[in-house]
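Peer 1: So the protein sequences, as listed, match chains A and B. For the first sequence, the working numbering gives the first residue as 2, with consecutive numbering after it. For the second sequence, the working numbering gives the first residue as 55, with consecutive numbering after it. Even for Gly, the Cβ is constructed at its ideal location relative to N, Cα and C.
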Amino acid sequence: MVWLDKACLNQLDIESQLACLPVYLSGCQRLVVLAGDTFHTRIWCIIEIFTFLRMGGTPDRVTLLPLLTAAPAIHRSPSAADEDAENMELGRIKTDDSTLEAVFERFRTFEVSATKAFKEDERQHLLGVIEAGFGDLEVFDSLVQSLFDSLRQEHTSHTEQAKRSVPSRGGKGAVVGVPRQPGLAC
Amino acid sequence: MTKVAGGYDDQNIVRRARSHERTLRAGIANSMPDESLATLVGTNSRLVDTNSRLEQRNAVLEQQAHTLTHLAERLPRAEEEAKNARADKASLEQEIRLGGAQKAAKRINTLISVVPNTIMVVCNITCLSGFIMIFTMVLPIGIVWVPWTFLLPFMALFVISLRPANTKTVRTITLQLASFSTAVSNYAPLVGFFLVYSTIESLRPYPTAVMATMTSIQAAFMLGNCVFPRLLGFIHNICGEAEKMTKREKSKLTWAFMVEELGSERKACMALVSSLGFFYPLWEGAALATKCEWPFSSRYMVMQVIKHTLVACGLNVFLMPIVPIYFLSGGTEADFMPPPRMLANHNFTSSELQTYMDAARTEVLVLACFSPALFAVILVAYLFRPRIHAWLIRLATAGDAGRAAGVAAMIGKLEPQAVLSMSRRTFTGLPFDVLCKEDFASNQDTGLNAKARRCRLGEVDAFLSHSWHDNARPSPSGRRCRRGRPSSRRHRAEARWYGWTRRA
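1) Please go through the region 490 to 523 of chain B and give each complete alpha helix (DSSP H) segment of 4 or more residues, from N-terminal end onward.
2) So which residues of chain B does Thr39(A) contact, with C-beta pairs closer than 7 Å?
3) Using a Cβ-Cβ distance cut-off of 7 Å, determine whether Leu26(A) contacts chain B.
4) List the residues of chain A that Pro130(B) touches, going by C-beta distances under 9 Å, in chain order.
5) Is it buried or exposed for Glu132(A), if we count other Cβ within 10 angstroms and need 16 for buried?
6) Using 8 Å as the threshold, is the region 98 to 118 of chain A in touch with the region 31 to 48 of chain A, meaning 3 or more CB pairs across them?
7) Would you say Glu49(A) reaches chain B, if we count a Cβ-Cβ gap shorter than 7 Å as a contact?
8) Cβ of Asp524(B) within 7 Å of Cβ of Met2(A)?
9) Check the DSSP bridge columns for Gly483(B) and list the partner residues they point to.
10) Hey, could you find the ends of the alpha helix (DSSP H) Cys46(A) is sitting in?
11) Closer than 7 Å by C-beta to Cys509(B): which residues in its own chain qualify, once you throw out the five before and the five after it? Chain order, please.
12) Excluding the 5 residues flanking Arg533(B) on each side, which residues of the same chain have their C-beta closer than 7 Å to its C-beta?
13) What is the DSSP secondary structure of Ala118(A), reduced to helix, strand or coil?
14) Going by DSSP in three states, Cys323(B) sits in which element: helix, strand or coil?
15) Give the residues of chain A in contact with Asn503(B), contact being defined as C-beta atoms less than 7 Å apart.
16) Is there a Cβ from chain B that is less than 7 Å from the Cβ of Leu5(A)?
17) DSSP state of Leu125(B), grouped into three classes?
18) Select from Ile15(A), Pro23(A), Arg124(A) and Phe105(A) the residue whose C-alpha is nearest the C-alpha of Arg55(A).
19) What does the Cβ neighbour count give for Lys164(A), buried or exposed, with the cut at 16 atoms within 10 Å?
20) Quick one: what's Thr64(A) bridged to in DSSP?
21) Suppose the cutoff is 6 Å on Cβ atoms and the five residues either side in sequence are ignored; what does the same chain contact list for Cys9(A) look like?
22) Just how far apart, CA to CA, sit Arg124(A) and Arg479(B)?
23) Going by alpha carbons, who is nearest to Val68(B) out of Ala136(B), Thr97(B) and His520(B)?
24) How is the alpha helix (DSSP H) around Cys9(A) delimited, first residue to last?
25) Using the Cβ count rule (16 or more neighbours within 10 Å means buried), how would you classify Ala139(B)?
26) If you draw a straight line from the alpha carbon of Phe51(A) to that of Phe141(A), how long is it in whole angstroms?
27) Between the alpha carbons of Ala20(A) and Leu127(A), how many angstroms are there, rounded?
28) Taking Cβ to Cβ, would you say Cys46(A) is nearer than 7 Å to Ser521(B)?
29) Any Cβ of chain B within less than 7 Å of the Cβ of Gln146(A)?
30) For my contact list, Leu35(A) and Glu49(A) are in at a C-beta cut-off of 8 Å; report their separation, rounded to the angstrom.
31) Skipping 5 residues on each side, what residues in its chain have a beta carbon closer than 7 Å to that of Gly58(A)?
32) Are the C-beta atoms of Arg31(A) and some chain B residue less than 7 Å apart?
33) Between which two residues does the alpha helix (DSSP H) holding Thr308(B) run?
34) Whole angstroms are fine: how far does the CA of Val104(A) sit from the CA of Arg93(A)?
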């Protein structure tokens, strides 16, 4: 079972249900971060990480799934995009590690004050929440940076172990912190 | 063939029996019937014993086989029960955690009330003391304090806004004090003006102190036109949530607040009528400050403070230098015209005028220092606000149990208890199998909402955190993944994860 905002929030009552977000998050075993290009710039995404950290979350409970950068549709024809997808599936384009590195790089210099929200007052409110939670925005920045740094280190050690034991097949190393117990995956 | 412990089996017994039969026959033939008979009897009894043992062993074996079959039948059910027990355990742990969280939430409420409310009461007492000083001061220069006293109740309201709701007693005391001080603030310039005017008239020729007084009165009246709306806007900015409200909604909120505080609609109505509407802005401010959410970032708060302080008080600040400039540029008593009345009755000596000027020097110095000092105090208060918050929350939420409540109290606008009960009621999970890449293409409902199932807290495996602004488009492989029939659920699920990773 997974929790996805789109499916699990009542669309008619989102405002009040967002207040329950910390409890929803605490009701899940793991945090799965689907990190794309904009993840680190959206304050509601960062609030989820904030909640996780405030509740004593540790890196071993985080699964990072970097999303591959897809160019805007205006720059790419659908056929070209599908062709890329085919190539990636066949392992001809090995972009996973570079994508993951890009995610880590974004979070290495992460600053919560640079995040955005649809409404400015909402953004200020959430920044205030984070500030009140950790005393200072910089403290939170450094915590997020160290969280992703731990994930990077874990990924590096796994990759090295895999290289030593099994010949690399490429494209499988992009999932960091995938749970070893079979319970999560389905 | 039945094998038994001790090496016996059916054929062996038969073989032995036949052997004994042969021995018996040989014994009969050899005319030894007694011995053979005894042997035969002995053998027979052993055979009977062996047979009974075999039967017992067979019964045991059958029982064991039956037990094994029964266990094999119960195994899936036992696995299911074990899974349920694990879920129950997780749920129980969650309940325990949330129980602790509720206690922590109460602790937070109590703790956050103490410090801000103490500051607020101190502010109000200071404010009242300021007014007492104004009316007991003989020198009319005291009137220039009036604009600043406007700030104190609003500072108190800011402090109230440190937390979502205060206790009834504290709110009542605050409102009484703040209402009184506001009323005085409203009438003080008028009363002060007449007092000052008469004093000025009696003090001609004007010394520097009187010049300062006149300038300040002018500033006070000019500020009077802009202070209230600006400060009200200041409160609205603090309250954040208030900015989203229409005027009608604000009025409704304020009215409800007044009725709640005063106990009846009649009293609220009387309060409005008796105060000629002057109480209203503060009532509204107090209602918004106590009912609306509090967290805003320090930078935002500082920005607002600077903006409103400059706008509301800037005029006075800019007018202040007029007096010292005049004084320092060599103005003397000769520059002032003597009052006609006094000219007729009394001639001012130089020493008398010097006394006035010395007094003026001190007061101007105080005034010059007061504005930046107050401004600095406000700024420092705002800069340290998050640290105070963090300290209070850290103090109140020591341990893991309190963290959920702390976060919920900060993000949500509801009471922690309500958040918890609502979360339990509305917590749902989505079976992983029903997800596909198309669901991540946009935040529009693709029918997933109907597929979500009610869950207990702790039952859901993963919380998916993602941004809808990420460009995730469906791919051909995603479609294949859904059409295909992978060998196991686990395999299928992993295929999906990797599918997202590689192509989303």
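Peer 2: Judging by the given coordinates:
1) 502 to 505
2) Ser521, His523 and Asp524
3) yes
4) What Pro130(B) touches in chain A: nothing, since even the nearest Cβ is about 17 Å away.
5) buried
6) yes
7) yes
8) no
9) Arg507(B)
10) Ile44 to Arg55
11) Phe481, Thr482 and Gly483
12) Note that Arg533(B) scores 32 on pLDDT, short of 50, meaning its location in the model is unreliable; the coordinates nonetheless yield the value given after this. Hits under 7 Å: none found.
13) coil
14) helix
15) Ala8 and Gln12
16) yes
17) helix
18) Pro23(A)
19) exposed
20) Val33(A)
21) none
22) 28 Å
23) Thr97(B)
24) Asp6 to Cys9
25) exposed
26) 8 Å
27) 12 Å
28) yes
29) no
30) Between Glu49(A) and Leu35(A) the Cβ distance is about 11 Å, and since that is not below 8 Å, they are no contact.
31) Leu32
32) yes
33) Lys301 to Leu316
34) Since pLDDT at Arg93(A) reaches only 39, below the 50 mark, its modelled position is unreliable, and the value read off the structure follows with that caveat. Rounded to the nearest angstrom, the two C-alpha atoms are 22 Å apart.
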